[in-house]
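Worksheet: one structure, shown below.
Residue numbers (the numbering used here): 647 to 930.
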């Protein structure tokens, strides 16, 4: 494994790792282990603390995997006023550039899948695009703006200590413990995307591409979040035939929600098989 320094649009430096040989694949994931207490808390909330490392290990025998914890970096180094779609795409290209990858595939989940679509419409360097947990057409841009604005309001207001432990999964009771600059950057991003026509934009794409989500991946937020509903499985289901006709592979993972849909046990078999089948030359 090789470590590389990546300079991002705001002048901050992100560490990327390169593992394996073969066609390049960029993964915006954390590969370093969490401490056990953090890992256990993530499991209780339905997350997979070993996601990044598992994906890298599972792909690096066939691919040159370029991994960088972009989300973690932005939590520590927020780009409050500059996380625009253009700068987001530029940051992802900077990761590939640091590794000397002229052509590469990209996989992202949730807002990092959205980032992949923004990247894809701005470059001709992708040999493959995989979007998990966010639909390429009919995306919930307005709902995500509402949720991020609610999160920013919570982060900007004094937080009262929880009177009793928060039950995992009770997002209404969960407070926001991050700096308001962290939430502000996502408000910046989603405000800039309000006029983005994803249905039209993705029609211009020609590289192999896969979209997937859990069949239960529609998120209902409570009163503390404006009773917002973020639909992901619904638009992917609604646009499935249209997307397939335009060259997308579309997979709905039965019974999975947003958190379980990103687990490595569900993602890796799908991602690995698809990348091998669509690599620009034999992978391995």
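Cβ coordinates follow ideal geometry from the N, Cα and C atoms, glycine included. In this text the structure is predicted, and so the values were computed from the model without any measurement.
State yes or no: is the C-beta of residue i within less than 9 Å of the C-beta of residue j?
| i | j | result |
| --- | --- | --- |
| residue 899 | residue 907 | yes |
| residue 921 | residue 669 | yes |
| residue 753 | residue 718 | no |
| residue 652 | residue 721 | no |
| residue 822 | residue 800 | yes |
| residue 724 | residue 775 | no |
| residue 861 | residue 838 | no |
| residue 749 | residue 772 | yes |
| residue 648 | residue 786 | no |
| residue 766 | residue 885 | no |
| residue 897 | residue 858 | yes |
| residue 729 | residue 840 | no |
| residue 914 | residue 746 | no |
Identify the continuous alpha helix (DSSP H) that holds residue i and give its terminal residues.
| i | result |
| --- | --- |
| residue 720 | 716-722 |
| residue 705 | 697-705 |
| residue 828 | 826-838 |
| residue 913 | 910-924 |
| residue 877 | Counting along the chain, residue 877 falls outside any alpha helix (DSSP H), though it belongs to the beta strand (DSSP E) covering 875-877. |
| residue 688 | 682-690 |
| residue 742 | 731-744 |
What would DSSP say about residue i, mapped onto helix, strand or coil?
| i | result |
| --- | --- |
| residue 942 | Residue numbering for the chain in the displayed model covers 647 to 930; residue 942 lies beyond these limits and cannot be assessed. |
| residue 768 | coil |
| residue 864 | strand |
| residue 850 | helix |
| residue 667 | coil |
| residue 883 | helix |
| residue 930 | Only weak support is given to the placement of residue 930: the predicted model assigns it a pLDDT of 48, under 50, and the value that follows is read from those uncertain coordinates. Coil at residue 930, not helix or strand. |
| residue 871 | helix |
| residue 673 | strand |
| residue 725 | coil |
| residue 712 | strand |
| residue 775 | strand |
| residue 660 | strand |
| residue 902 | coil |
| residue 761 | helix |
| residue 747 | coil |
| residue 796 | helix |
| residue 859 | strand |
| residue 802 | helix |
| residue 844 | helix |
Return the chain-ordered list of same chain residues with a C-beta closer than 7 Å to the C-beta of residue i, the five sequence neighbours on each side being excluded.
| i | result |
| --- | --- |
| residue 654 | 660, 737, 740 |
| residue 689 | 695 |
| residue 795 | 833 |
| residue 677 | 663, 698, 699, 702, 713 |
| residue 803 | none |
| residue 764 | 731, 734, 735 |
| residue 657 | none |
| residue 797 | 822, 829 |
| residue 892 | 849 |
| residue 872 | 792, 796 |
Going by DSSP, what residue range makes up the beta strand (DSSP E) through residue i?
| i | result |
| --- | --- |
| residue 653 | 648-653 |
| residue 895 | 894-899 |
| residue 751 | 750-755 |
If I measure Cβ to Cβ from residue i and keep anything under 6 Å in the same chain, skipping five residues before and after, which residues do I get?
| i | result |
| --- | --- |
| residue 680 | 695 |
| residue 790 | 836 |
| residue 762 | 752, 754, 775, 777 |
| residue 692 | 905 |
| residue 666 | 706, 709, 710, 711 |
Measure how close the beta-carbons of residue i and residue j come, nearest whole angstrom, since I'm counting them as under 8 Å.
| i | j | result |
| --- | --- | --- |
| residue 675 | residue 715 | 7 Å |
| residue 863 | residue 826 | No, residue 863 and residue 826 are not in contact; Cβ-Cβ is about 28 Å, not under 8 Å. |
| residue 743 | residue 874 | No, residue 743 and residue 874 are not in contact; Cβ-Cβ is about 37 Å, not under 8 Å. |
Given residue i, which residues of its chain have a CB within under 8 Å of its CB, disregarding the five upstream and five downstream residues?
| i | result |
| --- | --- |
| residue 770 | none |
| residue 901 | 860, 861, 862 |
| residue 756 | 778, 779, 780, 904, 908 |
| residue 919 | none |
| residue 926 | 669, 749, 773 |
Does residue i get closer than 9 Å to chain D when you measure Cβ to Cβ?
| i | result |
| --- | --- |
| residue 837 | Given the protein chain composition of this structure (a single chain), no chain D is represented. |
Looking at the ligand MN, does it come within less than 8 Å of residue i, judged from the CB to the closest heavy atom?
| i | result |
| --- | --- |
| residue 779 | Ligands displayed in this structure: none; no statement on the ligand MN is therefore possible. |
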